[in-house]
Amino acid sequence: MVQFRLNGREVSVDAPGDKPLLWVLRENLRMQGTKFGCGRSLCGACTVHVDGRAVRSCVLPIASIEGRDVKTIEGLRNEDGTLHPLQRAFVEEQVPQCGYCQSGQLMSAAALLAENPTPSDRQVIEFMQGNLCRCGTYLRIRRAISRAAAEMAGTGS
Amino acid sequence: MKAAPGPRDPSRRRFLLGTAGAGGALMISTQLGGCAGLGSDPPESGEWEADACLRISSQGIKVRIPHAEMGQGIATGLTMLVAEELDVDLEQIEVELAPAERAFDHPEWGVQLTGGSSSMRSRFLPLRYAGAGARELLRRAGAERFGVDPSECRVERGYVCWDAGKRRASYLELAEEASRLPLPDPAELELRPAGEFRLLGKSVRRIDIPAKVDGSARFGIDSAPEDAAVACIARPPRFGAEVRSFDASRAERVPGVKRVVAISNGVAVVADSYWTALRARAELDIEWESGPNAGKGSAEIQARYADLIATPADEVRSEGDTYTALDQSSGVLEATYSLPYLAHAPMEPMNASAHVTPERCRVWAPTQSPGAARDVAVAITGLDYEQVSVYPTYMGGGFGRRSEIDFVIEAVEVSRAVEAPVQVIWSREDDLQHGFYRPATRHFLRAGLDESGVPRAWLHRIAGPSVMERVMPMLVSALLPNRVPRWIKRAASGASGFVARRSTESPIVEGAEEIPYQIDNVRIEYARDEESFVPVGFWRSVGHSHNAFVVESFVDELAHAAGRDPYMFRRQYLADAPRHLRVLDRVAELANWQSPAADGVHRGIAVHASFGSVVAMVAEVRVTEEPSIRVERVFVAVDCGLVINPDSVQAQVESALAFGLSSTINGGVVEVEDGAVTPSNFDAYPILRMADMPDVVTELIASDSPPSGVGEIATPPIAPAVANAVFVATGKRLRSLPLVLPS
Ligand code: FES
Ligand code: FES
Numbered sequence: 001m002v003q004f005r006l007n008g009r010e011v012s013v014d015a016p017g018d019k020p021l022l023w024v025l026r027e028n029l030r031m032q033g034t035k036f037g038c039g040r041s042l043c044g045a046c047t048v049h050v051d052g053r054a055v056r057s058c059v060l061p062i063a064s065i066e067g068r069d070v071k072t073i074e075g076l077r078n079e080d081g082t083l084h085p086l087q088r089a090f091v092e093e094q095v096p097q098c099g100y101c102q103s104g105q106l107m108s109a110a111a112l113l114a115e116n117p118t119p120s121d122r123q124v125i126e127f128m129q130g131n132l133c134r135c136g137t138y139l140r141i142r143r144a145i146s147r148a149a150a151e152m153a154g155t156g157s
Numbered sequence: 158m159k160a161a162p163g164p165r166d167p168s169r170r171r172f173l174l175g176t177a178g179a180g181g182a183l184m185i186s187t188q189l190g191g192c193a194g195l196g197s198d199p200p201e202s203g204e205w206e207a208d209a210c211l212r213i214s215s216q217g218i219k220v221r222i223p224h225a226e227m228g229q230g231i232a233t234g235l236t237m238l239v240a241e242e243l244d245v246d247l248e249q250i251e252v253e254l255a256p257a258e259r260a261f262d263h264p265e266w267g268v269q270l271t272g273g274s275s276s277m278r279s280r281f282l283p284l285r286y287a288g289a290g291a292r293e294l295l296r297r298a299g300a301e302r303f304g305v306d307p308s309e310c311r312v313e314r315g316y317v318c319w320d321a322g323k324r325r326a327s328y329l330e331l332a333e334e335a336s337r338l339p340l341p342d343p344a345e346l347e348l349r350p351a352g353e354f355r356l357l358g359k360s361v362r363r364i365d366i367p368a369k370v371d372g373s374a375r376f377g378i379d380s381a382p383e384d385a386a387v388a389c390i391a392r393p394p395r396f397g398a399e400v401r402s403f404d405a406s407r408a409e410r411v412p413g414v415k416r417v418v419a420i421s422n423g424v425a426v427v428a429d430s431y432w433t434a435l436r437a438r439a440e441l442d443i444e445w446e447s448g449p450n451a452g453k454g455s456a457e458i459q460a461r462y463a464d465l466i467a468t469p470a471d472e473v474r475s476e477g478d479t480y481t482a483l484d485q486s487s488g489v490l491e492a493t494y495s496l497p498y499l500a501h502a503p504m505e506p507m508n509a510s511a512h513v514t515p516e517r518c519r520v521w522a523p524t525q526s527p528g529a530a531r532d533v534a535v536a537i538t539g540l541d542y543e544q545v546s547v548y549p550t551y552m553g554g555g556f557g558r559r560s561e562i563d564f565v566i567e568a569v570e571v572s573r574a575v576e577a578p579v580q581v582i583w584s585r586e587d588d589l590q591h592g593f594y595r596p597a598t599r600h601f602l603r604a605g606l607d608e609s610g611v612p613r614a615w616l617h618r619i620a621g622p623s624v625m626e627r628v629m630p631m632l633v634s635a636l637l638p639n640r641v642p643r644w645i646k647r648a649a650s651g652a653s654g655f656v657a658r659r660s661t662e663s664p665i666v667e668g669a670e671e672i673p674y675q676i677d678n679v680r681i682e683y684a685r686d687e688e689s690f691v692p693v694g695f696w697r698s699v700g701h702s703h704n705a706f707v708v709e710s711f712v713d714e715l716a717h718a719a720g721r722d723p724y725m726f727r728r729q730y731l732a733d734a735p736r737h738l739r740v741l742d743r744v745a746e747l748a749n750w751q752s753p754a755a756d757g758v759h760r761g762i763a764v765h766a767s768f769g770s771v772v773a774m775v776a777e778v779r780v781t782e783e784p785s786i787r788v789e790r791v792f793v794a795v796d797c798g799l800v801i802n803p804d805s806v807q808a809q810v811e812s813a814l815a816f817g818l819s820s821t822i823n824g825g826v827v828e829v830e831d832g833a834v835t836p837s838n839f840d841a842y843p844i845l846r847m848a849d850m851p852d853v854v855t856e857l858i859a860s861d862s863p864p865s866g867v868g869e870i871a872t873p874p875i876a877p878a879v880a881n882a883v884f885v886a887t888g889k890r891l892r893s894l895p896l897v898l899p900s
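Read top to bottom, the protein sequences are chains P and D. Residue numbers for the first sequence follow our numbering, so the first one is 1 and each next one is one higher. Residue numbers for the second sequence follow our numbering, so the first one is 158 and each next one is one higher.
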């Protein structure tokens with residue numbers, strides 16, 4: 001049994017200790033918003049937050065999650081249930097195409113803005129470099145991140 | 158109930174509108190005239206008639222989308238067509254993805270398939286007529302209710318209004334009455350004139366996006382039945398290899414493994430979880446036949462191509478007398494280009510779920526080919542067509558890879574073998590190594606110029622495998638010796654235009670065959686590689702993906718050889734191609750072509766037509782010390798006919814450009830060694846990252862022509878635009894992709 005916090009709630013799962021967090025989320029907990037893209041920490045589709053930091057859940061053994069705080073795309077909304085500013089910005093900028101990479105993009109971007117509320121273009125690119133998008137939505141992701149950053153800083157529209 | 162097509166407008170003869178009233182709902186179907194076998198299958202649920210695409214009841218308005226939504230925004234675009242004619246807001250319509258049904262067959266191809274950038278073009282009129290037909294029925298129903306002539310009533314935003322009597326009734330209230338009225342003669346249906354469009358041509362927010370920012374969108378991988386087991390399949394380690402024998406005892410001992418079964422293309426491990434199945438697969442002990450392709454690889458394939466293009470090959474097109482004109486030319490330019498195999502690598506690995514019982518087969522799959530998926534499931538299970546259902550899901554990218562049905566075959570075979578619901582999930586390694594690749598090709602070009610540098614002759618010889626040659630036998634004989642899917646039968650009997658249109662060589666020669674430049678002597682030849690063993694398939698923009706690079710690079714070579722500006726040189730020979738000329742001129746203006754570029758920035762230009770549209774690009778490129786190629790900005794001018802949703806078209810331009818740029822500068826190449834693909838994950842098969850995405854400035858040219866292709870059209874021109882800029886920057890003409898500068 002592994003116990004941890006998931007999107008603010010205590011959960012416990014019975015899974016082999018080496019089973020990656022990604023598959024525990026998707027299979028044991030049936031939280032399927034977090035996606036599988038490569039299984040080797042090479043694409044970012046499976047990005048979630050563990051203790052506030054963006055991590056690739058496909059290579060994180062569940063045993064290492066004991067007692068920690070996990071947030072997934074399903075928990076990205078604000079506490080009052082409204083969309084996170086990034087989610088709103090992704091809608092405003094019409095970012096997703098197929099949408100498959102977008103949970104990971106959003107979770108990475110959210111971690112970035114949490115640690116650096118006003119990232120430069122260069123910092124955005126550096127931080128987001130590990131999140132692949134085969135549909136090529138990169139320009140819009142960048143626009144959405146700066147829109148959300150501006151909004152969170154109270155200077156946006 | 159089917160109404161006769163109207164006689165006046167020939168375009169209307171293409172549709173038969175059908176209506177049905179069931180449970181108080183008005184339902185409309187659009188079907189093809191003259192296509193055999195369009196009887197309606199029994200409805201899957203009580204709600205829909207099998208062939209209906211539009212349903213209006215007291216509960217609301219629903220539309221079923223007959224095409225794959227893979228991020229191109231087609232669900233929104235097609236719904237806009239219905240909403241425009243029906244005169245309702247997009248938000249008033251609930252949208253579903255249509256299951257596999259004959260009624261949803263591609264209007265031109267006779268099979269339910271999404272490809273060839275044809276969804277909007279082919280549904281543009283049928284779906285508008287569906288909306289217009291429903292609108293007319295509702296208006297008549299309203300008039301009946303008010304006891305007046307229909308001509309006294311008009312529709313507005315979901316209401317039928319009788320202004321003189323100051324009364325109105327909503328569509329939802331009128332649906333049941335409307336469902337009992339005879340269908341109007343399609344010839345009398347008025348489509349809304351372009352000048353009065355409320356929705357078409359406006360940037361509308363995509364209806365699928367909200368679910369894609371909060372994790373609730375369900376893709377194929379999220380669509381398995383709750384109780385489904387998960388299967389991983391050990392596929393041949395080399396193309397063409399087969400299982401000789403296997404020992405599953407170690408795999409079966411892994412806790413959580415349920416069954417290990419042999420299927421037609423390998424051995425499936427069925428378990429309680431993907432993680433278990435993946436680990437247990439590694440414990441399988443399989444002895445493979447070495448097969449016919451041991452020892453064969455990319456180098457040998459390109460060497461064979463080199464032989465093939467050394468001598469004249471099959472004529473694809475010939476104008477004038479090219480060989481004689483070449484002999485008589487005062488200057489001759491020659492070049493050889495080569496391109497590699499490429500993988501689609503959509504972000505969602507292949508997967509499919511199936512539940513086969515003795516009476517029923519259900520399939521949930523992220524597929525571009527629900528029609529072929531249903532046919533193949535019928536063939537495998539031996540069930541009747543009506544007992545088999547295919548439910549397409551959202552998909553994490555298609556790009557042509559999901560027009561294949563290999564993953565559906567696997568799911569159906571495994572579920573049938575274990576008599577339980579099963580989801581087959583591929584690893585990324587499976588995806589990259591067991592794909593249907595963009596063919597590798599090699600091209601020989603020879604052009605003759607007269608004394609003043611005017612091109613008089615153009616010879617283009619292409620060597621490569623045939624895509625259609627692979628697709629057809631795979632379906633007809635290799636996998637299904639006894640049962641031939643009905644779309645193949647229809648195709649074979651000439652009832653379908655699919656195969657006729659996509660003639661055997663067209664996926665290889667398209668984009669080369671129809672060069673737009675005015676040259677008196679043109680000869681296009683194709684040397685088919687008969688020994689091809691690497692599975693090839695449709696990859697975003699198909700033959701255009703290699704031919705645009707070759708043609709637009711070589712034209713650039715001619716321009717430089719003639720000492721001319723590459724833009725003005727192209728212009729001069731495009732007098733017969735007004736749409737090319739228009740986008741070319743526009744992109745030159747956008748990019749300020751006539752003024753010098755910023756310091757260290759070099760420009761390349763290209764123009765290419767595909768899928769009925771024309772795109773011109775100017776790439777601004779910097780070559781850095783290492784040396785590496787940085788594409789900083791790309792200007793794009795697009796003529797895709799009438800633009801339905803401008804922001805979606807812009808997004809597709811960015812997307813298709815990124816897709817093409819990925820294989821231009823990023824270096825993912827499908828190398829083949831010892832009969833197998835070597836790269837296995839994104840470390841060895843890199844795709845474009847954020848840092849390499851240039852700024853894109855797109856202009857959509859206003860046009861009254863019907864909509865033409867969008868989703869693929871910006872892939873072909875980016876490689877030559879960049880290569881042409883690299884030539885200006887370095888003086889080096891790079892004739893293979895990806896572009897690599899010698900250090
Ligand atoms: S699935 Fe985890 S990084 Fe790709
Ligand atoms: S939106 Fe399709 S992979 Fe990013």
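Note that CB positions come from ideal geometry on N, CA and C, so glycine has one too.
{"query": "Alpha-carbon spacing of Val317 (chain D) relative to Gly217 (chain D), whole angstroms", "result": "15 angstroms"}
{"query": "Asp588 (chain D) at chain P interface by Cβ criterion, 7 angstroms", "result": "no"}
{"query": "Gly44 (chain P) CB to nearest heavy atom of ligand 1 below 6 angstroms", "result": "yes"}
{"query": "Close-in-space but distant-in-sequence residues of the same chain around Ala109 (chain P) (CB under 6 angstroms, 5 per side omitted)", "result": "Leu86 and Ile145"}
{"query": "Residues of the region 377–397 of chain D whose Cβ lies closer than 7 angstroms to any Cβ of chain P, in chain order", "result": "Ile378 and Asp379"}
{"query": "7 angstroms Cβ cutoff, Gln102 (chain P) in contact with chain D", "result": "yes"}
{"query": "Any C-beta of chain P under 7 angstroms from that of Asp198 (chain D)", "result": "At Asp198 (chain D), the pLDDT of 37 sits below 50, so the modelled position is not reliable; the number obtained from the coordinates is stated separately. So, not an interface residue."}
{"query": "Residues near Cys101 (chain P) in its chain [Cβ-Cβ closer than 6 angstroms; skip 5 each side]", "result": "Ala45 and Cys133"}
{"query": "Any chain P beta carbon closer than 7 angstroms to Glu251 (chain D)", "result": "no"}
{"query": "Stretch pair the region 783–801 of chain D + the region 457–472 of chain D: three plus CB contacts closer than 8 angstroms", "result": "no"}
{"query": "Helix, strand or coil at Asn704 (chain D) [DSSP, three-state]", "result": "helix"}
{"query": "N- and C-terminal bounds of the alpha helix (DSSP H) containing Asn881 (chain D)", "result": "Ile875 to Thr887"}
{"query": "Any non-hydrogen atom of ligand 1 within 6 angstroms of Ser430 (chain D) CB", "result": "no"}
{"query": "Pro20 (chain P) - DSSP class collapsed to helix/strand/coil", "result": "strand"}
{"query": "Cβ-heavy atom distance, Gly504 (chain D) to ligand 2, below 6 angstroms", "result": "Correcting the residue identity first, residue 504 (chain D) is Met in this sequence and not Gly. Answer for Met504 (chain D): yes, Cβ within range of ligand 2."}
{"query": "8 angstroms contact criterion, which Asp442 (chain D) and Arg407 (chain D) should meet: CB distance rounded", "result": "7 angstroms"}
{"query": "Proximal residues to Asn116 (chain P) (C-beta, below 7 angstroms), its chain only, five neighbours per side dropped", "result": "Gln123"}
{"query": "Contacting residues, own chain, Cβ-Cβ under 8 angstroms from Ala718 (chain D) (five flanking each side not counted)", "result": "Gly488, Leu490, Leu606 and Gly610"}
{"query": "Local conformation of Met184 (chain D) per DSSP, three classes", "result": "strand"}
{"query": "Gly37 (chain P) Cβ short of 6 angstroms to ligand 1 heavy atom set", "result": "yes"}
{"query": "In DSSP terms, what Arg680 (chain D) is bridged to", "result": "D:Ser475 and D:Leu616"}
{"query": "Gly304 (chain D) burial status per 10 Å Cβ neighbour count (16 or more: buried)", "result": "exposed"}
{"query": "Of the listed residues D:Arg436, D:Ala880 and D:Tyr494, nearest to Gly817 (chain D) (C-alpha basis)", "result": "D:Ala880"}
{"query": "Exposure label - Met277 (chain D); buried when at least 16 CB within 10 Å", "result": "buried"}
{"query": "Cutoff 7 angstroms: Trp583 (chain D) Cβ touching any chain P Cβ", "result": "no"}
{"query": "Cutoff 7 angstroms: Gly651 (chain D) Cβ touching any chain P Cβ", "result": "Its pLDDT being 39, under 50, Gly651 (chain D) is placed unreliably in this model, and the coordinates cannot settle the point."}
{"query": "Distance between Gln269 (chain D) and Arg659 (chain D) (C-alpha atoms, nearest Å)", "result": "Low per-residue confidence applies at Arg659 (chain D): pLDDT is 40, beneath 50, and the placement is therefore not dependable, though the value from the model is reported in the following sentence. Cα to Cα, the separation comes out at about 16 angstroms."}
{"query": "Proximity of Glu667 (chain D) and His701 (chain D) at Cβ, strictly below 7 angstroms", "result": "yes"}
{"query": "is_contact[Ile366 (chain D), chain P] using C-beta, thresh 7 angstroms", "result": "yes"}
{"query": "Whether Gly231 (chain P) touches Asn7 (chain P) by CB criterion (7 angstroms)", "result": "Residue 231 (chain P) lies beyond the residue range present for chain P, which begins at 1 and ends at 157; the question has no answer from this structure."}
{"query": "Continuous alpha helix (DSSP H) stretch holding Leu845 (chain D): start and end", "result": "Neither: Leu845 (chain D) is in no alpha helix (DSSP H) and is coded neither H nor E."}
{"query": "is_contact[Glu66 (chain P), chain A] using C-beta, thresh 7 angstroms", "result": "Here chain A cannot be found, since the structure's protein chains are P and D."}
{"query": "Stretch pair the region 336–346 of chain D + the region 65–79 of chain P: three plus CB contacts closer than 8 angstroms", "result": "no"}
{"query": "DSSP three-state assignment for Arg517 (chain D), whether helix, strand or coil", "result": "coil"}
{"query": "Sequence-distant residues of the same chain with beta carbon closer than 6 angstroms to His600 (chain D), five excluded per side", "result": "Tyr494, Ile619 and Val707"}
{"query": "Complete alpha helix (DSSP H) runs within the region 88–141 of chain P (minimum length 4 residues, chain order)", "result": "102–115 and 121–128"}
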